[in-house]
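If you read the sequences in order, they're chains U and A.
Going by numbering that gives the first Met the number 0, the first residue of the first sequence is number 0, and it counts up by one from there.
Going by numbering that gives the first Met the number 0, the first residue of the second sequence is number 0, and it counts up by one from there.
Number of protein chains: 2
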Amino acid sequence: MKASTDECAHAILEVAPAIMRTIRTEMRRHRTSDLSVPQFRTLAFIDNHEGPSLSDVAGHIGLTLPSMSKIVDGLVARKLITREIASADRRRITLALTSRGQTLLTAARGATKACLAEMLQSLSLTDRTLVINAMETLRLIFLQQPANTAAR
Amino acid sequence: MKASTDECAHAILEVAPAIMRTIRTEMRRHRTSDLSVPQFRTLAFIDNHEGPSLSDVAGHIGLTLPSMSKIVDGLVARKLITREIASADRRRITLALTSRGQTLLTAARGATKACLAEMLQSLSLTDRTLVINAMETLRLIFLQQPANTAAR
DNA sequence: TATTGTTATACTCTATAACTATA
DNA sequence: TATAGTTATAGAGTATAACAATA
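In structure tokens form, the structure reads like this:
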């Protein structure tokens, strides 16, 4: 094993899509929450930040403004978040979770995580540590920001 | 660090979507290939297997038959693959790459991998080994099948 | 004039339900 | 009757281009 950057890229390119498909399928199967991955990520970001603007969310999640705007539309329509005009700068909007959104986010996080955790149960402690460390490493590259809290 | 299955799940749930977004964006930016992730995965599967049927591809990639059928439609229209009726069982189809598809797949693989590799260059050899090992571990869980070849 | 967001438009991805053709 | 695929339909995610409102 040379562990070249190329081999590393190859491994990621093969495994990441498979993981995502599992996550997506799992999220949709929980009819109670029924959130798509982008919706989930949007709610999670709003939960972790104080009244972010559309640009804040779009930038951090990595979507264009129109895409994000549409996702926000859906979440507002489902009464999971509120969208208000910022008083300081009326061009900006301020996003926040409703209590319903908060509840749903918590439920979705729990359900999906529980399912993933279930799939990971066959791993040894060593392997789990390995995966967590690798994710921490990749987070620095793909998310530009360190973990902000412990597992929620 | 407890390295519980729950923490492990949490880490994956946070990082995997970010990785995928990078991959998707990158794939779309290479106007020469211009493949979506599902299209890329479909081509790769056909490349790695001998004349698979629609069910083979759909099953392994984790899509329903209609979804897969539509993706195949697009690839056939772009002349990247061929779709022929199997002589043994006329209900089945046999998929194969055209030389154009083969070329495009190779190009897309190279371009995306190169971009990822570039992003991974800041990692130490130790970290790269860590990531590769973690991916190998996760592959067994999310892909049910071991790596079939070395990095291509 | 520059910034923030939304609307219009057009793809692709994805699923479920209903259908056709073959076995 | 069961299996392999396709078609019909619908909704979400995504982008680019054009627009409106505010600074």
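All C-beta atoms, glycine included, are put in the ideal place defined by N, C-alpha and C.
Being a predicted model, the structure only gives us computed values, none of them experimental.
Exercise. Mind listing, in chain order, the continuous beta strand (DSSP E) runs of no fewer than 3 residues lying wholly within the segment 66-119 of chain A?
Key: 80-84, 92-96
Practice problem: Please compile the residues from chain A whose C-beta is within a distance smaller than 8 Å of the C-beta of U:Ala107. | Solution: Those do not exist, as U:Ala107 stays about 10 Å from chain A at its closest Cβ, beyond 8 Å.
Quiz item: Alpha carbon to alpha carbon, how far is U:Ala10 from U:Arg90?
Solution: 44 Å
Self-check item: Reduced DSSP category for U:Ala2 - H, G, I as helix; E, B as strand; rest coil
Solution: coil
Quiz item: Per the contact definition of three or more C-beta pairs closer than 8 Å, is the segment 125-141 of chain U in contact with the segment 104-115 of chain U?
Solution: no
Practice problem: Taking only beta-carbon positions, decide if A:Asn47 is within less than 7 Å of chain U. | Solution: no
Quiz item: Within this structure, are the beta carbons of A:Leu96 and A:Asp46 separated by less than 7 Å?
Solution: yes
Practice problem: Output, in chain order, the set of chain A residues within a Cβ distance shorter than 7 Å of U:Glu83. | Solution: Per Cβ cutoff of 7 Å: no residues; U:Glu83 is ~27 Å from chain A at best.
Exercise. Taking only the alpha-carbon atoms, compute the straight-line gap between A:Leu103 and U:Leu103 and give it to the nearest angstrom.
Key: 43 Å
Exercise. Report buried or exposed for U:Gly58, applying the criterion of at least 16 other Cβ atoms within 10 angstroms of its Cβ.
Key: exposed
Quiz item: Taking the C-alpha atoms as reference points, what is the distance between U:Gln120 and U:Thr21?
Solution: 16 Å
Exercise. Measuring alpha carbon to alpha carbon, tell me which of U:Thr105, U:Leu115, U:Ser123, U:Thr128 ends up nearest A:Ala15.
Key: U:Leu115
Quiz item: Listed in chain order, which residues of the segment 104-134 of chain U have Cβ atoms closer than 9 Å to some Cβ of chain A?
Solution: Arg108, Thr111, Lys112, Ala113, Cys114, Leu115, Ala116, Glu117, Met118, Leu119, Gln120, Ser121, Leu122, Leu124, Thr125, Asp126, Arg127, Thr128, Leu129, Val130, Ile131, Asn132, Ala133, Met134
Quiz item: By the 10 Å Cβ neighbour count, where 16 or more other Cβ atoms means buried, how is U:Ile84 classified, buried or exposed?
Solution: exposed
Quiz item: Is U:Leu34 close to chain A, meaning its C-beta is less than 7 Å from at least one C-beta of that chain?
Solution: no
Quiz item: Is the segment 119-133 of chain A touching the segment 69-80 of chain A in the sense that three or more CB pairs, one from each, lie closer than 8 Å?
Solution: no
Self-check item: Beta-carbon neighbours of A:Val56, restricted to chain U and to distances below 9 Å
Solution: Residues of chain U passing the Cβ test: none, with the nearest at roughly 14 Å.
Quiz item: Which value, in whole angstroms, describes the spacing of the CA atoms of U:Leu79 and U:Ser35?
Solution: 13 Å
Quiz item: Cβ atoms of U:Leu53 and U:Ile92: under 7 Å apart, would you say?
Solution: yes
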